[in-house]
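Quick note: to get my numbering, add 1 to the position in the sequence shown (first position is 1). Glycine residues also receive a C-beta, built at the ideal position from the N, C-alpha and C atoms. Since we're looking at a predicted model, the values are computed, not measured. Here's the structure we're looking at; comments come further down.
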Amino acid sequence: MQASSAPRPLLRLVRRALVGMAVLGAFALFAGFLFFVSAIERMERRPAGRADGIVALTGGAQRVGDAIELLASGYGQRLLISGVNERTSRDEIARLNPSQSHWIECCVDLDYRARNTIGNAIETRRWMRRNHFETIAVVTSNYHMPRTLIEIEHALTDGQSVVPYPVVADGLDIGRWWQDPAVARLVGAEYVKFLAAWLRTRLETDPERSHFAVLIGRGKPSKTPLRMVAAPRLHAAN
């Protein structure tokens, strides 16, 4: 009896240690979530200075319109709209933004290849190389911006820089997430994706060789030249 009962204190100690680690882990995750939420911009702020180019990620109703306004205001030379649905044409984008049709015709490039934020980062890098751009202003939703910056900055090379322009959707109050289950789910899901992106970018050196990109995008990133992609509705790739 003594021999069989001897390990019990050790087992209890191990269980307590595991429970303690689980509690600490849960606390760390929640604390990280609170920090993540507090870091999300609540107000839209125009970039302090000009960039070479502007990149808008589809997936939010106001992103493209705000990006075109930045282009028309002289914040960049050209605009890349990344993650466009294959059924969306340049004419449809112009119809939705009639006052900016001139800029859409002359200075907007459409990317139909990106399926997710990793793809957005890859296409942004290619576009910057093609245009010899060193700085870009990135337009996406405020809650999506932290993950976007991780992915794009991971894809870019030394000397290239990103200026964030977070879009704050009407009626979406991130600061009161605990009172709105829909907002809590949105921000919670984005926090998990942010952590996954942060970890992946620490383990992989090049997004175009990312195994996760293949799994998430259900295929390797396309290398078809931008001008050869079949021209055409904007879709939520993110």
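message = With H, G and I counted as helix, E and B as strand and the rest as coil, what does DSSP make of I41?
response = coil
query = With burial defined as no fewer than 16 other Cβ atoms inside 10 Å of the residue's Cβ, what is the status of D112: buried or exposed?
reply = buried
message = With H, G and I counted as helix, E and B as strand and the rest as coil, what does DSSP make of S142?
response = strand
query = Applying the criterion that 16 or more other CB atoms from any shown protein chain within 10 Å of the CB defines a buried residue, is M146 buried or exposed?
reply = buried
Secondary structure, alpha helix (DSSP H): runs of 4+ residues fully inside the region 40-82 = 64-73
request  = Locate the alpha helix (DSSP H) running through L97, then write down its first and last residues.
outcome  = 91-97
message = Relative to the C-alpha of N132, which candidate in A52, V24, D181 has its C-alpha closest?
response = A52
request  = Starting from the Cα of A122, find the closest Cα among G66, V163, R16, D92 and give me that residue.
outcome  = V163
request  = Could you tell me the boundaries of the alpha helix (DSSP H) in which S162 lies?
outcome  = First-last for S162: 162-168, but that is the beta strand (DSSP E), not the alpha helix (DSSP H).
ask   = How many angstroms separate the CA atom of I105 from the CA atom of N98?
value = 9 Å
request  = Just confirm the distance between the C-beta atoms of I175 and R47, as a whole number of angstroms; I'd bet it's less than 8 Å.
outcome  = Contact doesn't hold; Cβ gap of about 20 Å is too wide.
inquiry  = With H, G and I counted as helix, E and B as strand and the rest as coil, what does DSSP make of V85?
reply    = coil
request  = Please determine, among D181, V168, S39, the residue with the shortest C-alpha to C-alpha distance to E70.
outcome  = V168
ask   = Which residues mark the beginning and the end of the alpha helix (DSSP H) in which L196 is found?
value = 182-204
message = According to DSSP, simplified to helix, strand and coil, what is L19?
response = helix
query = Roughly how many whole angstroms lie between the Cα atoms of W199 and T149?
reply = 11 Å
ask   = With distances taken from CA atoms, which of A23, T141, I41 is nearest G60?
value = T141
query = How many whole angstroms separate the CB atoms of E152 and T118, which I take to be in contact at a CB cut-off of 8 Å?
reply = 5 Å
query = CA-CA distance, P10 and A27?
reply = 26 Å
Alpha-carbon spacing of D110 relative to W128, whole angstroms = 9 Å
Local conformation of L30 per DSSP, three classes = helix
request  = On a CA-only basis, which of L173, R114, V184 is nearest R88? Give me that one, please.
outcome  = R114
query = Grouping DSSP H, G and I as helix and E and B as strand, with all else coil, what is L235?
reply = Any reading at L235 needs caution, since the residue's pLDDT is 41, under 50, leaving its predicted position unreliable; the model's value is listed next. The answer is coil: DSSP assigns L235 none of H, G, I, E or B.
key: L157, DSSP secondary structure in three states   = coil
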